[in-house]
């Protein structure tokens, strides 16, 4: 074939072999071995297939919804209520963990090996803290072997809002 042998400027004992089909680096010194490792990791990062996991954790249920990177195409959506029978357990950490394990299994079937995570609480003029299932859903995803890119909080925060329920003197217990 048409291969070209080029000597790297940084090392007199290292050659780069260019061919129409591949780029082969033949390192000799320690520094060039390190360079080869860096190239290898860059290649692996480029091969990862990403998705976006939207976790909505309210105090009544936990939704785990996975889309493609644009957010338009739904890949899988599982809720805590789909995993347990009792209504009171829909938002529990256990139900969220089961839902996240289901999602992780489905993602591995689809060939998605890395995700960005967007976590959301109820927000608006109600509470900004995510529900009890948020943390366990995230932990279950991390344990499943899926690589996690960025974790972002997307709880809606009002710039100015309608009046909150409870009246002027607040909720009295």
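Numbering (our numbering), first residue to last: 500 to 672. No residue lacks a Cβ here, since even glycine has one placed at the ideal position from N, Cα and C. All of these numbers come straight from a predicted model, not from anything done at the bench.
DSSP lists 563 as the beta-bridge partner residues of residue 577. For residue 596, the enclosing alpha helix (DSSP H) starts and ends at 592 to 609. Spanning the alpha carbons of residue 633 and residue 667 requires a straight line of approximately 31 Å. Secondary structure note for residue 636: its alpha helix (DSSP H) is the uninterrupted segment 632 to 642. Per DSSP, the continuous beta strand (DSSP E) segment holding residue 549 begins and ends at 549 to 556. If you draw a straight line from the Cα of residue 561 to the Cα of residue 639, it comes to about 13 Å.
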